[in-house]
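Numbering (full-length UniProt numbering), first residue to last: 1 to 351. Below is one structure, written out as structure tokens; comments come after it.
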């Protein structure tokens, strides 16, 4: 981001590139996101391995799963001595299920399934020792999968769609239809374009949504209505945001179909946001996004189709990166990227 003075009057489609990138983010909020489930999907053979291991274990090992000797009397919670063990946390319920299955398997079905029902004592000893190694490895994998699950199925990953919708439209249950200035901006935005797009101190703040940014960089200012698009339906002046937003937004958003037909993925979302932020220009203690004329922004007479954020210098991006629409997009994409990596790592572990 560099500092320079704005001198040119914004022209036709001056913000077309920014509009396309903002629309990419908007489209992502409307695209169904599916996260992986490798960390919660278990091979059916795992249960049999644990049961076989219990079958060949000594009585002391089996007693760990009991509160007292006898049928049933199962210990449903991890024993106190192992409560802090990550391996026990990851595998105890599987071990307990195996112990229960072992007690109920009076017909030795699990042994018959692997042809081990008639093993001689020395064969049982060898088979049991080898099986214990396999079971230990399975438990280590389960422990690692439990760690990976914190990323694959994290709260942010599972709510990424809501985060992106909040960034785009102002709420996890919002869509582009029916949006008003209340959804796109803070309470400081009412009848004054400058308060909606430029003033970021006191009660006035820049837009909190991608939709709001689009309005600021695209909406008709009284002289020019084609800063982003050249619509078939003639736009009218966005003079009073409290009343004009509801009518002008549909005219603009109808053209917001960036990369239609292409897959929206994490990289495309981040790349689009990076490009938007890279256009920010510094002048007189503010970072400007969008075409500006001097330090004017949304003040009419083609004086700027932009939104601004207070900055101490050309390198100060603290206000921009803290803006809700930016922060929520970054939060969602980071979680989705970690989730995807966790899914891939889980597949490799289970291969």
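Just so it is clear, CB atoms sit at the ideal spot from N, CA and C, and this is done for glycine as well.
6 Å Cβ shell around residue i - same chain, five flanking residues per side excluded
{"i": "residue 190", "result": "242"}
{"i": "residue 26", "result": "168, 210, 256"}
{"i": "residue 338", "result": "151"}
{"i": "residue 315", "result": "none"}
{"i": "residue 305", "result": "10, 15, 217, 227, 290, 291"}
CB contact flag (residue i, residue j, <8 Å)
{"i": "residue 310", "j": "residue 200", "result": "yes"}
{"i": "residue 215", "j": "residue 245", "result": "yes"}
{"i": "residue 307", "j": "residue 165", "result": "no"}
{"i": "residue 78", "j": "residue 138", "result": "no"}
{"i": "residue 332", "j": "residue 156", "result": "yes"}
{"i": "residue 29", "j": "residue 167", "result": "yes"}
{"i": "residue 227", "j": "residue 234", "result": "no"}
{"i": "residue 114", "j": "residue 55", "result": "no"}
{"i": "residue 16", "j": "residue 291", "result": "no"}
{"i": "residue 239", "j": "residue 222", "result": "yes"}
{"i": "residue 321", "j": "residue 327", "result": "yes"}
{"i": "residue 343", "j": "residue 36", "result": "yes"}
{"i": "residue 160", "j": "residue 273", "result": "no"}
Residue i beta carbon near the ligand PLP (any heavy atom closer than 7 Å)
{"i": "residue 182", "result": "With respect to the ligand PLP, the structure offers nothing, as it holds no ligand at all."}
Counted within 10 angstroms of its Cβ, other Cβ atoms place residue i as buried (16 or more) or exposed
{"i": "residue 170", "result": "buried"}
{"i": "residue 206", "result": "buried"}
{"i": "residue 152", "result": "buried"}
{"i": "residue 82", "result": "exposed"}
{"i": "residue 260", "result": "A caution first: residue 260 carries a pLDDT of 49, below 50, which makes its placement in the model unreliable, though a value can still be read off. Exposed."}
{"i": "residue 21", "result": "buried"}
{"i": "residue 148", "result": "buried"}
{"i": "residue 179", "result": "buried"}
{"i": "residue 122", "result": "exposed"}
{"i": "residue 271", "result": "exposed"}
{"i": "residue 70", "result": "exposed"}
{"i": "residue 254", "result": "exposed"}
{"i": "residue 94", "result": "buried"}
Three-way DSSP call (helix, strand, coil) for residue i in this model
{"i": "residue 307", "result": "strand"}
{"i": "residue 282", "result": "strand"}
{"i": "residue 117", "result": "coil"}
{"i": "residue 287", "result": "strand"}
{"i": "residue 240", "result": "coil"}
{"i": "residue 411", "result": "Residue 411 falls outside the range modelled here, since the chain spans only 1 to 351, and no answer is possible."}
{"i": "residue 292", "result": "strand"}
Chain D contact for residue i (CB, 8 Å cutoff)
{"i": "residue 229", "result": "The displayed structure is made up of one protein chain only, and chain D is not part of it."}
Other residues of its chain near residue i: CB distance less than 7 Å, five sequence neighbours each side excluded
{"i": "residue 162", "result": "172"}
{"i": "residue 131", "result": "52, 53, 56"}
{"i": "residue 276", "result": "18, 21, 22, 289"}
Anticipated Cβ contact below 8 Å, residue i with residue j, distance rounded
{"i": "residue 98", "j": "residue 51", "result": "4 Å"}
{"i": "residue 229", "j": "residue 252", "result": "7 Å"}
{"i": "residue 220", "j": "residue 237", "result": "5 Å"}
{"i": "residue 24", "j": "residue 269", "result": "7 Å"}
{"i": "residue 133", "j": "residue 349", "result": "Their Cβ separation, rounded to whole angstroms, is 17 Å, which puts residue 133 and residue 349 out of contact at 8 Å."}
{"i": "residue 68", "j": "residue 74", "result": "At roughly 10 Å, the Cβ-Cβ gap does not stay under 8 Å, so residue 68 and residue 74 are not in contact."}
{"i": "residue 127", "j": "residue 135", "result": "Wrong, their Cβ atoms sit about 12 Å apart, outside the cutoff."}
Residues near residue i in its chain [Cβ-Cβ closer than 8 Å; skip 5 each side]
{"i": "residue 267", "result": "none"}
{"i": "residue 96", "result": "65, 74, 75, 76"}
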